[in-house]
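Top line first, the protein sequences correspond to chains A and B.
Oh and the first sequence: position 166 is 290 in this note's numbering, straight run, nothing missing.
Oh and the second sequence: position 61 is 82 in this note's numbering, straight run, nothing missing.
Here the structure is laid out as structure tokens; the discussion comes afterwards.
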Amino acid sequence: MTAAEQIISELDARTQSLAISQLIGELQVLVERISFAAASQDVRNMSKDDVELLFEGQLSAEILDFVGWLVDNKLVAAVIGDTGRLFLNHCIKRYHHIQQVHFTTALTLPEEVKQHIARTIMPSYPAGARILFEVDPSIIAGFRINDRSRVVDKTMRAAATQLTRRHLQEVLNG
Amino acid sequence: MDSGVVTVLIFGAISLIFGLIIYLIVMMRRLNASFAKLGFLVREDAKKYFDEAADKIVDTNKQFQENYVDIVHKGTQSALQDVSNVMRTAVVKAQQDAGSIIIEARKQAQDIIIGAQHESAAYKQKALEQSAQTIEWVVGQYIGKTYTDQQHIDLIRSLLQEYINENRTSQ
């Protein structure tokens, strides 16, 4: 695996929960800010504290974790200057075609449950997909999958509504 | 002059005077009679005139009455004809109005039926939605109070497996 492939793999692994638009937006901030900082300081050897200070809450924990991995592995140069712009262009092209799957539940799921769900669903998307876990208490229980091409509604709210309608239709029709 | 002549002359003069007086009296009487007669004639003429006038009044009245009757008759005929025309027009208009009213009534009835059907459908739909919302709320309250996080996760796992199985079957 080349360094570039390793960087993309780590980025994928650490940012699975981010929407594509958020991921691209934060990568753009990362490349611009760290390139600007590189003009006045040696960013290749900066610490994690320096990273957090540099971005001051501008990036999500997932992207900050990815930057920390770059720092730890001395790969910060990959996101500076022209190399950084090439990296950004590559990410834009790569993630542009990846399907986003919204998996909605009534409560926040533990990480191992999310991984189990991702492993179970991913075979349905051979071209690759990014699963975004969302919370909506109004669904009561169960889950809803929305990948823009279809919606799978396995929520308690939908079931209650469906059963109620069927029951009332039977009552009204005598 | 001779006294006899004078006497004769005086006598003659006196006789002439008496003769004149008598003539005058006669003439006066005749004149009076003439006046009386003239008065009679005048009175008669007046009477005749007034009689004619009275007759004329009677005639006029009679003619007026005849004319009046004629006017009334013709007027009545005309009025009846007008009434007939008005009635005919009114009847025709009434028929037209009745037709329009019937058409309008039918349309309104149809609108009412359609409206009632829509209202019924809307009411039924509303009742369904309200009932569904109520049951959703009850289920939500029940699940919210009784379900533990683990039960939620177990349900998700179970439903996820159900979805995968359905997906495999459909493919």
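Think of the CB as a built atom: it goes at the ideal place given N, C-alpha and C, for glycine as much as any other residue.
In this text the structure is predicted, and so the values were computed from the model without any measurement.
Same chain, Cβ closer than 8 angstroms to A/A127, five either side skipped, listed in chain order:
L199 and A202
Does the Cβ of B/I42 have 16 or more other Cβ atoms within 10 Å, making it buried, or fewer, making it exposed?
exposed
Taking Cβ-Cβ distances shorter than 8 angstroms, what residues in chain A pair up with B/N188?
S248
Near A/S141, which residues of its chain fall below 7 angstroms by C-beta distance, leaving aside the five closest residues on each side in sequence?
E186, L256 and F257
Quick check on the burial criterion: 16 or more other C-beta atoms within 10 angstroms. Buried or exposed for A/T285?
buried
Roughly how many angstroms lie between the CA atoms of A/N197 and A/S273, to the nearest whole one?
39 angstroms
One or two residues paired with A/K278 in a DSSP bridge:
A/F267
So A/H214 is in the beta strand (DSSP E); what residue range does that whole segment cover?
It is not in any beta strand (DSSP E) - A/H214 instead sits in the alpha helix (DSSP H) that spans G205 to H220.
According to the Cβ coordinates, are A/L135 and A/F179 closer than 9 angstroms?
no
Contact set between A/L256 and chain B, taken where Cβ atoms lie within less than 9 angstroms
Result: empty, since nearest Cβ-Cβ is about 16 angstroms, beyond 9 angstroms.
Contact between the region 263-279 of chain A and the region 155-163 of chain A is defined here as three or more beta-carbon pairs at a separation below 8 angstroms; is this criterion met?
no
Thinking C-beta only, is A/T232 closer than 9 angstroms to A/F267?
no
Separation of B/V160 from A/K172, as counted between CA atoms:
48 angstroms
Quick check on this structure: which residue in A/S262, A/R289, A/I245 and A/L287 has the alpha carbon closest to the alpha carbon of A/V276?
If we check each option's Cα against that of A/V276, A/I245 comes out closest.
Taking the beta strand (DSSP E) that A/E258 belongs to, which residues open and close that run?
A253 to V259
For A/V225, collect the residues of the same chain with a Cβ closer than 8 angstroms to its Cβ; drop the 5 residues on either side in sequence, then sort them by chain order.
I245, Y249, A253, R254, I255, L256, I269, N270 and D271
Min CB distance B/G165 to chain A below 9 angstroms
yes
Can you tell me the Cα-Cα spacing of A/A282 and A/I263, whole angstroms?
8 angstroms
In terms of alpha-carbon separation, which member of A/V237, A/D260, A/A251 and A/P247 lies closest to B/Q172?
A/V237
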